[in-house]
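Asker:
2 protein chains.
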Amino acid sequence: MPFDPASLTYDANGLIPAIAQDALSGDILMMAWMNAESVAKTLETGRVTYWSRSRKSFWVKGETSGHVQRLREMRVDCDRDALLVLVEQEGPACHTNRRSCFYTAIRDGEEVEILTPMED
Amino acid sequence: MPFDPASLTYDANGLIPAIAQDALSGDILMMAWMNAESVAKTLETGRVTYWSRSRKSFWVKGETSGHVQRLREMRVDCDRDALLVLVEQEGPACHTNRRSCFYTAIRDGEEVEILTPMED
């Protein structure tokens with residue numbers, strides 16, 4: 007069946023959550039949001055393109071930082087209201103310069119930082 | 007720093023997305039939602055507990071199906087508006103009896119089913 011971005015279920019703001027997973031390591035890098043047009047752009051260009059809720063504009067990941075995400079595969083969940091993008095990540099995915107945004111673990115009730123910023 | 011579920015950023019409905027990842031294989035199993043109380047319950051009980059938006063009630067994963075998720079670790083992202091739960095998943099995570107909800111891949115513009123339902 008041909009894939010149509012309009013067939014996905016978007017929230018009241020026209021957005022769907024997209025989970026970015028490192029295609030090589032399997033690590034979860036980040037979670038951000040897409041609208042139908044950014045889903046289409048991501049598939050067309052092979053560059054993962056989110057929708058920035060704060061800037062209200064397309065966010066081609068790495069466009070300014072160089073930390074691009076090349077799409078390896080997009081997957082849709084059973085309810086069609088969440089996306090998984092398998093990516094090749096250049097450098098850090100997080101704006102804090104860490105490889106992943108999920109660098110804080112809860113261990114024994116305490117917050118523990120488990121990743122340090124990458125060297126430039 | 008002690009972790010307080012109230013320190014997370016919830017959406018207008020008081021919810022935060024939670025990504026469940028298989029602690030052993032690294033596969034993404036599903037994405038669902040938690041409120042502050044289900045975050046606390048998940049940490050207290052070690053059983054991953056979402057908030058069901060459709061039923062408007064706690065959803066202790068596997069409570070009826072037996073397909074429980076035991077928490078190995080909870081992680082918080084940089085913006086504190088998304089959670090990653092590393093889990094030990096009993097059987098399928100998806101209500102379609104597939105191991106993961108993300109069983110539809112987009113390949114060459116077509117939807118391709120990449121997982122089949124598990125045997126009981």
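Sequences listed follow chains A and E, in order.
Numbering of the first sequence is given in our numbering, commencing with residue 7 and proceeding in unit increments.
Numbering of the second sequence is given in our numbering, commencing with residue 7 and proceeding in unit increments.
Using N, Cα and C, we set each Cβ at its ideal position, and we do this for glycine too.
List the residues that DSSP assigns as beta-bridge partners of E/Arg104.
Answerer: Along the second sequence, one-based indexing puts residue 104 of chain E at 98. For E/Arg104, which the question treats as bridged, DSSP gives no partner whatsoever.
Asker: When the cut-off is 8 Å and only beta carbons count, does E/Gly97 lie next to chain A?
Answerer: Position 91 of the second sequence, counted from the first residue, corresponds to residue 97 of chain E. So no, E/Gly97 is outside the interface.
Asker: Check whether chain A comes within 8 Å of E/Val93, counting only Cβ atoms and requiring the distance to be less than that.
Answerer: Residue numbering aside, residue 93 of chain E sits at position 87 when the second sequence is read from its first letter. So, not an interface residue.
Asker: Scan the region 63 to 89 of chain E for residues whose Cβ lies nearer than 9 Å to a Cβ of chain A and list them as they occur along the chain.
Answerer: Going along the region 63 to 89 of chain E in chain order, one finds Glu79, Met80, Arg81, Val82, Asp83, Cys84, Asp85, Arg86, Asp87, Ala88 and Leu89 with a Cβ nearer than 9 Å to chain A.
Asker: Please tell me whether E/Ala42 and E/Pro11 are closer than 8 Å, where the distance is taken between their beta carbons.
Answerer: Translated into positions along the second sequence, residue 42 of chain E becomes position 36. Translated into positions along the second sequence, residue 11 of chain E becomes position 5. Yes, these two residues count as a Cβ contact at 8 Å.
Asker: Around the Cβ of A/Thr70, are there at least 16 other Cβ atoms within 10 angstroms (buried) or fewer (exposed)?
Answerer: As a position in the first sequence, residue 70 of chain A is number 64, starting the count at 1. With fewer than 16 Cβ atoms within 10 Å of its Cβ, A/Thr70 is classed as exposed.
Asker: Label A/Met80 either buried or exposed according to how many other C-beta atoms from any shown protein chain fall within 10 Å of its C-beta, with 16 as the threshold for buried.
Answerer: Your numbering for residue 80 of chain A matches position 74 in the first sequence. A/Met80 should be labelled buried.
Asker: DSSP state of A/Pro98, grouped into three classes?
Answerer: Counted from its first residue, the first sequence places residue 98 of chain A at position 92. Three-state DSSP puts A/Pro98 in coil, outside helix and strand.
Asker: Under three-state DSSP, which class holds E/Leu89?
Answerer: Taking the first residue of the second sequence as position 1, residue 89 of chain E is located at position 83. If DSSP states are grouped into helix, strand and coil, E/Leu89 belongs with the strands.
Asker: Taking only three categories from DSSP, how would you classify E/Val118?
Answerer: Residue numbering aside, residue 118 of chain E sits at position 112 when the second sequence is read from its first letter. Looking at E/Val118 - three-state DSSP - the assignment turns out to be strand.
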